[in-house]
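Novice: Reading the sequence shown from the start, the letters are residues 114 to 316 in my numbering.
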Amino acid sequence: MRKGLFITLEGVDGVGKTTQALLLKAYLEQKGHEVVHTFEPGGTALGSSIRQLLLDPSHKELSPMTEILLYAADRAQHVHETVRPALADGKTVICERFVDSSLAYQGYGLGLDLDAIRSVNHWATGGVVPDLTLYLDADPEECLARTKPDRITERALEYYARVRAGFLTIAEAEPQRFLVISAAGSREEVASRVLQAVEGVLV
Ligand code: TMP
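1) Taking DSSP as the reference, what is the three-state secondary structure of T121?
2) Return the residue from the list M178, A284, R300, L281 that minimises the CA-CA distance to G129.
3) Please list, in chain order, all residues of the same chain as E180 whose beta carbon is under 8 Å from its beta carbon, the five residues on each side excluded.
4) Roughly how many angstroms separate the alpha carbons of I265 and L118, rounded to a whole number?
5) Suppose the cutoff is 7 Å on Cβ atoms and the five residues either side in sequence are ignored; what does the same chain contact list for A296 look like?
6) Considering only the alpha carbon of each residue, which of M178, R164, W236 lies closest to A189?
7) May I ask which residues mark the beginning and end of the beta strand (DSSP E) holding D250?
8) Along the chain, where does the beta strand (DSSP E) that runs through L292 open and close?
9) Which of the three DSSP states, helix, strand or coil, is assigned to H191?
10) Here's the rule I'm using: 16 or more other beta-carbon atoms within 10 Å means buried, otherwise exposed. How should D228 be labelled?
11) Can you have a look at D169 and say buried or exposed, based on whether 16 or more other CB atoms are within 10 angstroms of its CB?
12) By Cβ distance below 7 Å, which residues in the same chain neighbour L200 in space, the five residues on each side in sequence not counted?
13) Considering only their Cβ atoms, is the gap separating I230 from V212 smaller than 9 Å?
14) Is it the case that the CB of F119 approaches a heavy atom of ligand 1 more closely than 8 Å?
15) Alpha carbon to alpha carbon, what distance is there between S214 and Y221?
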């Protein structure tokens, strides 16, 4: 049974999701929410091993389908162990990345079948869908300059342009749930946009 609020943060690598997640957590706690901050891939002990497999640049042989399934496996465990129990307890869950990342990175980015990704993830999550998704939008080139190299971030800028366009396509399709927030400016400026968006769903 689902009682808590499920908020996800999305965006390309290096856009500042963790900073904004922590600021949002502090804000919601001040308002009396009990908040669980978590992330994918790697939000559970098992998931942290899956994360290593996914990001290790030496795994050149990892097929696109294996990549989708490993992200989905990480997610299945994360929903089972962390997200669903917290929501059932009435807690607010702030999660960095969820199914939208698989649609953007593996679907739009790698050109893999979107319906297959939706369906495998529907199965993996048991149909858990965020109440609100905040997509922090910025130029991937600037964001990537702030990241450490791994198996995903070593992909070309054209790949990241498709990922960003993918996120924006999801926003057009689901404007109620998936909000685009400009990541331009200081972290305080971005945080105030984030809080405004969240206030909109709290009332
Ligand atoms: P992170 O750096 O935000 O922790 O995410 C690790 C990488 O995994 C990042 O490059 C985005 C990528 N990713 C996908 O490609 N598909 C997914 O479903 C998820 C959750 C992350």
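C-beta: ideal position from N, C-alpha, C; glycine also. On a predicted model such as this, the values are computed, not experimentally measured, just so you know.
Specialist: Result, derived from the coordinates:
1) On the sequence shown, position 8 is the one that residue 121 refers to. The answer is strand: DSSP assigns T121 an E or B state.
2) Taking the sequence shown and counting its residues from 1, the one referred to as residue 129 is at position 16. Checked all of M178, A284, R300, L281; the closest Cα to G129 is R300.
3) Counting from 1 along the sequence shown, the entry for residue 180 is found at position 67. Same-chain partners within the cutoff: L167, Q219, L223.
4) Residue mapping note: residue 265 aligns to position 152 of the sequence shown, counting from 1. Residue mapping note: residue 118 aligns to position 5 of the sequence shown, counting from 1. Cα-Cα distance, rounded: 30 Å.
5) What you label residue 296 is simply residue 183 of the sequence shown in a count that begins at 1. So the list reads G124, V128, G129, L249, D250, A251, V303, once near-sequence residues are dropped.
6) Stepping through the sequence shown from its first residue, residue 189 is reached at position 76. The shortest Cα separation from A189 among M178, R164, W236 belongs to W236.
7) On the sequence shown, residue 250 is found 137 positions in, with the first residue counted as 1. 245 to 250 is the extent of the beta strand (DSSP E) around D250.
8) Reading the sequence shown from its first residue, position 179 is the one you call residue 292. Residues 291 to 295.
9) Within the sequence shown, the letter at position 78 stands for residue 191. Here H191 sits in helix by DSSP.
10) Looking up residue 228 in the sequence shown gives position 115. When all chains shown are included, D228 counts as exposed.
11) Taking the sequence shown and counting its residues from 1, one reaches residue 169 at position 56. Flag for D169 reads exposed.
12) Translated into positions along the sequence shown, residue 200 becomes position 87. So the list reads R115, K116, G117, F119, V206, once near-sequence residues are dropped.
13) Here residue 212 refers to the residue found at position 99 when the sequence shown is read from its first residue. Here residue 230 refers to the residue found at position 117 when the sequence shown is read from its first residue. Contact: yes.
14) For the purposes of this step, residue 119 is taken as residue 6 along the sequence shown, with counting starting at 1. F119 Cβ: outside cutoff for every heavy atom of ligand 1.
15) Along the sequence shown, read from residue 1 onward, the residue named residue 221 stands at position 108. Along the sequence shown, read from residue 1 onward, the residue named residue 214 stands at position 101. Straight-line Cα distance between these residues: approximately 10 Å.
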